[in-house]
Amino acid sequence: MREHTNFPDFGHLLPASLLAGLIGGGLLVFLTSCVHAWCWDGIPGFRYGIFESISSIQYILLGTLTLFLSGMLAVVLRPVETRAQAFLVGGISGFTVFLVNEIHFNISLLLGQGSTDLAGDLIHNLSYQLASFPLQFLFMALVMTGLAVLGAFILFSFSEKAAGPEEETRASLVIPGSKVLIILVVLVLPPLAAHMMSGAKMVSVNPSETMISTHISLERTAPDAIILTAHEVPAGSHFSVYLDGVDVSNASASASKGFVGTVEPSDGLQAIGGSEATWQGAGVMSNGTPLDFTIKVHGADGSEIVVLNRQI
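If you're matching positions, the sequence shown starts at -9 in the numbering used here and goes up one per residue.
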């Protein structure tokens, strides 16, 4: 029979729980941004139809499994003796993952907006979200915390039923290890199958889907400068660029619409992989109000699709 631990002893569990949450949060950010994008890039039309659905399911599964793993890792780093302790370490690690995810999202947003006071703007954004959308904020925190708690309980239950120290150690290694293996399978298998299906022409991609797969990146390089870069471009297409609904596709269109600034090169963003164009001047300064950039790709068949719509 395991001895119960008094509440003050929970303080010894805090460092391991926070460390598990930081590791889980970093892994979640890495899996659902960098690695997830790398796996799906290059598949024509993956943002449309069946591939989009598979990608969304994969995103949810990776997040859920990572939260399970975070809760388990908290128990592995600091073995617990009671269900109350398992609940606490799982909850702390899960909430830490939530905070890491929120901070990463807001920092990425602020960097894209050219923030010059990152710490102050980050605190302002988080405070605004908490004050303006408390229910959504609380719901996401509870869901992510609950999944980590469930992971901690699963590992604790197996360890509690172990016949001896050796079996308990084996459970602490095998169960989290199996979660890591499942994460790798979920990460690799769907995009690998999609690449094979696309290469074997098992999934037909119409021109509109190919246009949707067009990849345009937007970056604010200075408070008064924004660069667009074309990465994946369908053959025979061309772009239209709109700033707050005003056509600023090239220098001529910008001047006729009263845009205060310059476009380099003067003919704007070209439908060539690696092409870049810069919009610079007072017209692209946000002054505290985000600017709405919309990019449309026009196909050789006359079709037209929005491929990027972002506030910056």
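From the three backbone atoms N, C-alpha and C, an ideal C-beta is built for every residue, glycine too.
Query, Result
"Of the residues T86, P180, V79, L18, the one placed nearest W30, counting alpha carbons only", "P180"
"Residues near F77 by beta carbon distance below 8 Å, same chain, minus five either side", "V139, A142, F143"
"Alpha-carbon to alpha-carbon, P69 and I13", "17 Å"
"Opening and closing residue of the beta strand (DSSP E) in which S122 lies", "Run containing S122: none in the beta strand (DSSP E); it sits in the alpha helix (DSSP H), 108 to 122."
"V170 versus T284 - alpha carbon distance", "39 Å"
"Sequence ranges, beta strand (DSSP E) only - wholly within the segment 40 to 112, length at least 3", "none"
"Cβ neighbour criterion (16 or more within 10 Å) applied to A183", "exposed"
"Q126 - DSSP class collapsed to helix/strand/coil", "helix"
"Segment limits, beta strand (DSSP E) that includes S256", "Unbroken run through S256: none, as it is neither H nor E."
"Distance, S207 Cα to V25 Cα", "17 Å"
"Candidates Q260, V238, H228, of which the one nearest E294 by Cα", "H228"
"Within 8 Å, strictly: CB atoms of F146 and R210", "no"
"Meets three-Cβ-pair contact criterion under 8 Å: the segment 118 to 129 and the segment 39 to 51", "no"
"Cβ-Cβ distance between T22 and G84 below 8 Å", "no"
"P166 versus L59 - alpha carbon distance", "6 Å"
"Boundaries of the beta strand (DSSP E) in which I285 is found, first to last residue", "282 to 288"
"Reference S239; option with closest CA among G264, H205, I97, V287", "V287"
"Residue burial classification, A109 (beta-carbon count within 10 angstroms, cutoff 16)", "exposed"
"From W28, V87, Y118, G263, residue whose alpha carbon lies closest to that of A10", "V87"
"Unbroken beta strand (DSSP E) run spanning A241, endpoints", "Segment 241 to 246 is the alpha helix (DSSP H) holding A241; no beta strand (DSSP E) there."
"Beta-bridge partners of V236, as assigned by DSSP", "L233"
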